Amino acid sequence: MNKLIVGNLVHRPLRSVISAFAVAIEVIMILSVVAIFYGILNGNRTQQSGIGMDMIVHPGTASALLNTSAASADIRVANVLRKLPHVQVVAPVNIKLTTGASLENISGIDYATYNDLKPFVFLSGTPFQQPFDVIIDDLQAAAGKGLKVGDTTKVLNHDFRVCGIVEHGKGGRKYIPLTTMDELDGNPGKAAVFYLKTENQPEFQDAVRNEILNTDGLQQYSVQTIQEYLSTLTPDHLPGFNIALRVIISIAIIIGFMVIFQSMYTAVMERTREIGILKSMGAGQLSIVSVVLRETMLLAMAGIAIGVSATYLLRAALHNRFPTLSFSVTTDWVFKAVAIALLGALCGALYPALKAARKDPIDALSYE
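Residue numbers (my numbering): 1350 to 1717.
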């Protein structure tokens, strides 16, 4: 029976290849979309962890999307926060999400205080020397076709001189002076968020939170520890994240299901006489169903192997072409994609298998 199954696949090579590649495309779609979605999310968590702050203070309610917050806080709030007990550093920051040639965050920083949170590690160049200087990280330099210190690059539709290149992992990829960002926005003296470095004891952070919320004018501010903020960077806290993921995975499943269904249904119709011969030789319905499903599993496993391998090749190619892109292929999602592909293939082959098993052997043998 095994030779029969393999022979059926080899006898119709084009159909077998198309079916396997349909499953492979399903696996690639699932893994690549998940890798990009979770890669961006986990990359953001890593970047935020590397800033060096212990607490985050900003106007309004707590949010995981700081880059969508307007710079509505007076920068002088930093002076008030610095006077509170147990506060060591306060760094006002403005963050802008740009959607030009690519989607990226630009951080407007007060260099001295931002560097005090955790020092930049310069690979070349210096801190800001002029208002239209920009510091970029090493991944951004590689993505910008080998940007070097002294080169000019576009930031917020203005020309900036690259003054320094730093190691990645400190909040963003491009940093410009906060005063310059505010002037370009026509919103001088404002910040979107304040990063605090405190005496690193939980009781001190609770005391700082209470002091801030009891300060006149700051009662409506959101105060979070870094742990609380990172806990919001999950799919459940991001609007539309899970919905978009489910929609794309569903489309991938439908593609795999339809192709397998069409392939196996056509194969059953073409092998009517063969099925009749098997049944006349004593093969039961379960045996006929087993032949069709085992054939489907071989196609699905071949497609899964191609899909998983192609996803890792895609990751290598994307990392080479787009160094700043976070593309995270995780083992748990590889297993989930394999399970989804196998289940979809089985569902797609089930009806053709049952149809084959129910064929009357006399009618099947007389079929032309």
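Here a beta-carbon is modelled for each residue, glycine too, at the ideal position from N, C-alpha and C.
Computed from a prediction, not measured in an experiment: that's the story for all the values here.
Per-residue burial, residue i [other beta carbons within 10 Å of its own, 16 or more giving buried]
{"i": "Leu1635", "result": "exposed"}
{"i": "His1517", "result": "buried"}
{"i": "Ala1665", "result": "exposed"}
{"i": "Thr1645", "result": "buried"}
{"i": "Val1470", "result": "exposed"}
{"i": "Ala1702", "result": "buried"}
{"i": "Tyr1716", "result": "In this prediction, Tyr1716 has a pLDDT of 46, which is less than 50 and means its spatial position is unreliable; what the coordinates show is noted afterwards. Answer is exposed; the Cβ neighbour count stays below 16."}
{"i": "Ala1540", "result": "buried"}
{"i": "Ala1461", "result": "exposed"}
{"i": "Asp1486", "result": "buried"}
{"i": "Thr1529", "result": "buried"}
{"i": "Asn1443", "result": "buried"}
{"i": "Arg1522", "result": "buried"}
{"i": "Ile1653", "result": "buried"}
{"i": "Tyr1463", "result": "buried"}
{"i": "Gly1409", "result": "exposed"}
{"i": "Ser1365", "result": "buried"}
{"i": "Leu1662", "result": "exposed"}
{"i": "Asp1459", "result": "buried"}
{"i": "Lys1445", "result": "buried"}
{"i": "Gly1697", "result": "buried"}
{"i": "Gln1554", "result": "buried"}
{"i": "Val1542", "result": "buried"}
Distance between beta carbons of residue j and residue i, contact taken as under 8 Å
{"i": "Val1641", "j": "Met1613", "result": "6 Å"}
{"i": "Ala1427", "j": "Val1439", "result": "5 Å"}
{"i": "Val1456", "j": "Tyr1524", "result": "Sequence inspection shows Ser at residue 1456; the Val mentioned does not correspond to that position. Going by Cβ atoms, the distance from Ser1456 to Tyr1524 rounds to 5 Å, so yes, they are a contact pair."}
{"i": "Gly1694", "j": "Ala1649", "result": "Correcting the residue identity first, residue 1694 is Ala in this sequence and not Gly. About 4 Å; that satisfies the 8 Å criterion."}
{"i": "Pro1434", "j": "Glu1560", "result": "7 Å"}
{"i": "Phe1671", "j": "Ala1490", "result": "Between Ala1490 and Phe1671 the Cβ distance is about 13 Å, and since that is not below 8 Å, they are no contact."}
{"i": "Thr1564", "j": "Val1429", "result": "6 Å"}
{"i": "Gly1401", "j": "Leu1466", "result": "4 Å"}
{"i": "Val1511", "j": "Val1557", "result": "Between Val1557 and Val1511 the Cβ distance is about 36 Å, and since that is not below 8 Å, they are no contact."}
{"i": "Gly1520", "j": "Gly1399", "result": "7 Å"}
{"i": "Ile1377", "j": "Gly1605", "result": "Their Cβ separation, rounded to whole angstroms, is 11 Å, which puts Ile1377 and Gly1605 out of contact at 8 Å."}
CB of residue i within 9 Å of CB of residue j, strictly
{"i": "Val1406", "j": "Leu1567", "result": "yes"}
{"i": "Glu1375", "j": "Ala1690", "result": "yes"}
{"i": "Met1404", "j": "Gln1550", "result": "no"}
{"i": "Ala1373", "j": "Ala1659", "result": "yes"}
{"i": "Tyr1578", "j": "Gln1396", "result": "no"}
{"i": "Pro1468", "j": "Leu1527", "result": "no"}
{"i": "Phe1676", "j": "Ala1384", "result": "yes"}
{"i": "Thr1583", "j": "Leu1390", "result": "yes"}
{"i": "Phe1386", "j": "Ala1593", "result": "yes"}
{"i": "Ile1609", "j": "Ala1371", "result": "yes"}
{"i": "Val1683", "j": "Leu1380", "result": "yes"}
{"i": "Thr1722", "j": "Leu1363", "result": "No answer is possible for residue 1722: it lies beyond the span of the chain, which begins at 1350 and ends at 1717."}
{"i": "Leu1472", "j": "Ile1514", "result": "yes"}
{"i": "Val1382", "j": "Ile1598", "result": "yes"}
{"i": "Asp1719", "j": "Phe1481", "result": "Lying before the first or after the last residue shown, residue 1719 is absent from the chain, which here runs from 1350 to 1717."}
Counterpart residues of residue i in DSSP-defined beta bridges
{"i": "Thr1547", "result": "Val1436"}
{"i": "Thr1501", "result": "Arg1510"}
{"i": "Thr1574", "result": "Met1404"}
{"i": "Tyr1614", "result": "According to DSSP, Tyr1614 bridges with nothing at all."}
{"i": "Ala1422", "result": "Ala1540"}
{"i": "Val1515", "result": "Phe1471 and Asp1486"}
{"i": "Ser1456", "result": "Ile1444 and Tyr1524"}
Taking contact to mean 3 or more Cβ pairs, one atom from each stretch, closer than 8 Å, check whether the stretch 1526–1541 and the stretch 1488–1500 are in contact. no
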